[in-house]
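For reference, the structure is listed below as C-alpha cells.
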Amino acid sequence: MTAQQTIRRQVSCAGIGLHSGQKVMLTLKPAAADTGIRFRRTDLGREIPARLDQVATCSYATVLGHDGATVETVEHLLAALVASGIDNVIIELSQREVPIMDGSSAPFLFLLQEAGRKTLTAPRRVLKVLRPVQVTSGDKRMAVYPSDHFKISYTISFAHPLLKHQTRTERITEATFTDHLAAARTFGFLKEVEWMRQQGLALGGSLDNAIVIGDTGVLNALRFDDEFVRHKMLDAVGDLALLGYPLIGHVVAHRAGHQLHTDLGRALLADPEAFAVVEVDAVGQMTPQVAGVPAYTPVP
Ligand SMILES: [Zn+2]
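Here the working numbering is used: the first residue of the sequence shown is 51, the next is one more, and so on.
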C-alpha cells in the first residue's frame, strides 16, 4: 500500500471506560489526507491530535490532552488503526475515555471492517529508523533499530509464577496483527484491584474486559498461552502510533510499558539523525521526504 487511507464511511459503537467506568459513545469519521489521527471530545468541543507531544500521563493507560480536555486509554484503538493502515481519521468521543470493549483491539478491527477503506491521492509517509535509539528505566529497557520492516520483540517478566517470562517476536503487518495480537486482552492483578479503585482506576474493569490474575492462576480463560506478552506488543503498536507515522524499525522491549513506549518515541524524535520521514513510492521503496517531518517539541 503506497497511498494514504481513511475509512469509507462513519461508524459508531458504545461501551464503557475501563478506568472511568463511564458509558461512552465512539464514532469514527473519514478524514482528508494529511489530517492524521485526531480525537474530538464532542462534549467539550475540543480536538486532540494523536501525537506524542500530546501525552499527558501514561501509568495505567495512555492519556492525551491538557487543560481538562483529555482522552484516555487510546492505545488499543490506535493499534487497530495503525495496523489496518488507516492514516487519517477523526475519533469522536462523548466522554474522556475510549471504550474498553473486551480489553483487546479485536472489536475495533471489526468496527474498521464495517467502516471500509478509502484510498486517498496523497502518498503515504512512514518514519524510518536510521540508527539505534535506546531508553532505560531501572531494569526496564526499550530500543529501536534500523530494519526494512516494522518488527517488535517483546519480553515480559513479573514476580508471579504465571508471568515470570514470556517473549515473542512478530513482524507487524495487518495480517499478523489481526491473527496473533489483536485479540490479546489487557490484564491486571487481583491484589491490585482494590488499590486501583481507591485511586479512581479500573472502575469499569471486569472479567468481561480484562484478564484478572490471582495468586495461583487466572480468573478467566486465556485466549493464548502467551496472551500477556501479546497484549504488551499490542500496547506498543498503539503507543508508537503516536509518532504520527507508521514506524519502519525493529523495536526491542524488555519489561516495558506505556511510559517506556512513549519515552522511546520521544527519544527517537529528539534525535534528527536517528530517523527520516520518507514517502513510500509505487514499488514500495522509500525516498527521503524531509519536508514531511513534523515540528515536535520533545516533552521533558
Ligand atoms: Zn493495553
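We put the CB at the ideal spot given by N, CA and C, even for glycine. Predicted model, so just to flag it, every value in this text is computed and none were measured.
How many angstroms separate the CA atom of residue i from the CA atom of residue j?
i: N259; j: Q55; result: 30 Å
i: H126; j: P149; result: 10 Å
i: V194; j: M283; result: 14 Å
i: E242; j: T169; result: 45 Å
i: R175; j: A286; result: 20 Å
i: F239; j: E329; result: 43 Å
i: S70; j: L251; result: 7 Å
i: P80; j: H210; result: 44 Å
i: D137; j: F158; result: 15 Å
i: V113; j: S144; result: 16 Å
i: R96; j: G267; result: 43 Å
i: D321; j: K178; result: 13 Å
Helix or strand or just coil, what does DSSP make of residue i?
i: Q72; result: coil
i: P211; result: helix
i: L94; result: coil
i: V243; result: helix
i: A324; result: coil
i: L161; result: helix
i: A106; result: strand
i: F89; result: strand
i: T38; result: The first residue shown for the chain is 51 and the last is 350, placing residue 38 beyond what the model contains.
i: Q248; result: helix
Report the CB separation of residue i from residue j in whole angstroms; it is logged as a contact under 8 Å.
i: G166; j: I263; result: That belief does not hold up - the Cβ atoms of G166 and I263 are roughly 38 Å apart, past 8 Å.
i: R91; j: V121; result: 7 Å
i: L257; j: L269; result: 6 Å
i: A324; j: R181; result: 5 Å
Is residue i near ligand 2, in the sense that its beta carbon is under 8 Å from a heavy atom of that ligand?
i: I202; result: This structure simply doesn't include ligand 2; it includes ligand 1 instead.
Taking only beta-carbon positions, decide if residue i is within less than 9 Å of chain B.
i: L213; result: Protein chains in the displayed structure number just one, and chain B is not present.
Any chance you could list the beta strand (DSSP E) runs of at least 3 consecutive residues sitting entirely within the segment 169–205, in chain order? 175–179, 183–187 and 190–195
Using a strict less-than 5 Å threshold between each residue's beta carbon and the heavy atoms of ligand 1, what residues do you get? T236 and D285
Entirely enclosed beta strand (DSSP E) segments - the segment 279–315, minimum 3 residues: 297–304
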